[in-house]
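Here's the structure, in structure tokens; my notes come after.
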């Protein structure tokens with residue numbers, strides 16, 4: 001899926017001797033255009049500005065909000081492609097207008113885009129892959145980050161036993177567990193798919209571990225979840241939650257135990273749309 005952001009630039013009014021363009025207004029809307037794109041690239045597009053004083057545009061970008069490490073000047077065109085961006089992180093973009101008398105406008109509103117990681121699954125907009133309770137690993141041909149973004153009274157456990165139902169055994173051989181704990185994963189506003197990975201690696205009988213979990217203010221809830229009852233011991237199971245909407249910058253996953261402790265083996269968060 002091509003990353004494509006459209007900037008609609010209004011007519012630039014005449015600038016006299018000012019250092020900042022007057023009357024500039026840039027309204028931004030996100031458009032996802034079909035087509036392939038190499039990881040690390042993003043195409044930015046905008047409608048033409050018809051002012052006779054327009055010389056071109058300058059695009060600013062970087063990985064920190066409102067602090068842009070790089071910029072590129074473009075002529076009277078309506079698109080540009082930025083290459084060589086770091087994969088797996090968010091970039092922030094803003095534009096200015098350049099005039100024929102050497103002046104430059106102030107910044108437009110800012111937009112953000114996640115730069116997908118090359119390879120892996122078709123879900124190229126993976127924001128987080130976390131190996132709960134363990135270090136960074138490559139499992140099932142996919143790279144997973146070490147455990148982070150958790151809170152509450154919680155511990156970790158590891159069992160090197162073989163795991164049925166998966167080729168990514170390493171991912172399910174560690175866990176984070178606790179009576180009450182959670183994860184707060186930093187994300188931008190948008191719609192996400194969340195995949196929660198489980199395998200019971202401590203108990204072998206039903207009713208040994210039963211717990212509840214909820215995702216982002218109970219947009220999804222799983223009550224009295226017993227992994228052994230559902231799939232058996234030392235067997236992988238994945239719960240996929242679609243259309244999770246986040247507007248506050250944090251995707252929250254909370255666990256509460258009914259019997260023994262709640263647990264999680266791994267978490268995936270995949271961006272579906274930046275539009276809410």
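In full-length UniProt numbering, the protein residues as written are 1 to 276. Just so it is clear, CB atoms sit at the ideal spot from N, CA and C, and this is done for glycine as well. Keep in mind that this is a model prediction, so the values were computed, not measured.
Beta-carbon contacts of residue i that lie in its chain and below 7 Å, excluding the five residues immediately before and after
{"i": "residue 184", "result": "149, 151, 250, 252"}
{"i": "residue 206", "result": "226, 228, 229"}
{"i": "residue 216", "result": "244, 246, 251, 252"}
{"i": "residue 89", "result": "63, 115"}
Nearest-angstrom Cβ-Cβ length linking residue i and residue j, presumed shorter than 8 Å
{"i": "residue 259", "j": "residue 196", "result": "Incorrect: roughly 19 Å between the Cβ atoms, too far for contact."}
{"i": "residue 45", "j": "residue 78", "result": "6 Å"}
{"i": "residue 96", "j": "residue 53", "result": "Actually they are not in contact, since the Cβ atoms of residue 96 and residue 53 sit about 14 Å apart, beyond 8 Å."}
{"i": "residue 180", "j": "residue 256", "result": "5 Å"}
Sequence-distant residues of the same chain with beta carbon closer than 8 Å to residue i, five excluded per side
{"i": "residue 144", "result": "129, 130, 131, 136, 137, 138, 171, 266"}
{"i": "residue 62", "result": "68, 69, 70, 91, 92"}
{"i": "residue 162", "result": "169, 234"}
{"i": "residue 110", "result": "65, 66, 92, 93, 94"}
{"i": "residue 160", "result": "173"}
{"i": "residue 261", "result": "177, 178, 179, 209, 211"}
{"i": "residue 60", "result": "68, 70, 71, 93, 94, 95, 96, 107"}
6 Å Cβ shell around residue i - same chain, five flanking residues per side excluded
{"i": "residue 268", "result": "129, 195"}
{"i": "residue 188", "result": "112"}
{"i": "residue 214", "result": "221, 254"}
{"i": "residue 200", "result": "227, 228, 233"}
{"i": "residue 198", "result": "227, 237, 265"}
{"i": "residue 166", "result": "236"}
{"i": "residue 133", "result": "147, 156, 174, 175, 176"}
{"i": "residue 16", "result": "In this predicted model, residue 16 has a pLDDT of only 23, less than 50, meaning its place in the structure is not dependable; the value taken from the coordinates is given anyway. There are no such residues."}
{"i": "residue 241", "result": "194, 215, 220"}
Buried/exposed call for residue i, threshold 16 Cβ in 10 Å
{"i": "residue 158", "result": "exposed"}
{"i": "residue 76", "result": "exposed"}
{"i": "residue 33", "result": "In this prediction, residue 33 has a pLDDT of 23, which is less than 50 and means its spatial position is unreliable; nothing more can be read from the coordinates."}
{"i": "residue 218", "result": "exposed"}
{"i": "residue 276", "result": "exposed"}
{"i": "residue 141", "result": "exposed"}
{"i": "residue 204", "result": "exposed"}
{"i": "residue 325", "result": "Missing from the structure shown is residue 325; the chain here goes from 1 to 276 and no further."}
{"i": "residue 154", "result": "buried"}
{"i": "residue 210", "result": "buried"}
{"i": "residue 22", "result": "Its pLDDT being 27, under 50, residue 22 is placed unreliably in this model, and the coordinates cannot settle the point."}
{"i": "residue 86", "result": "exposed"}
{"i": "residue 102", "result": "exposed"}
{"i": "residue 72", "result": "exposed"}
{"i": "residue 224", "result": "exposed"}
Identity of the residues DSSP links to residue i by a beta bridge
{"i": "residue 266", "result": "131, 197"}
{"i": "residue 71", "result": "60"}
{"i": "residue 150", "result": "183"}
{"i": "residue 125", "result": "DSSP output for residue 125 lists no bridge partner at all."}
{"i": "residue 79", "result": "45"}
{"i": "residue 115", "result": "DSSP lists no partner for residue 115."}
{"i": "residue 137", "result": "144"}
{"i": "residue 93", "result": "61, 111"}
{"i": "residue 99", "result": "54"}
{"i": "residue 156", "result": "176"}
{"i": "residue 273", "result": "191"}
{"i": "residue 256", "result": "180, 212"}
Test: residue i CB closer than 8 Å to a CB of chain B
{"i": "residue 247", "result": "In the structure shown, chain B does not exist; there is a single protein chain."}
Checklist entry - Taking only runs of the beta strand (DSSP E) that begin and end inside the region 171-254, which ones reach a length of at least 3 residues, in chain order? => result 174-186, 190-198, 210-215, 220-225, 237-246
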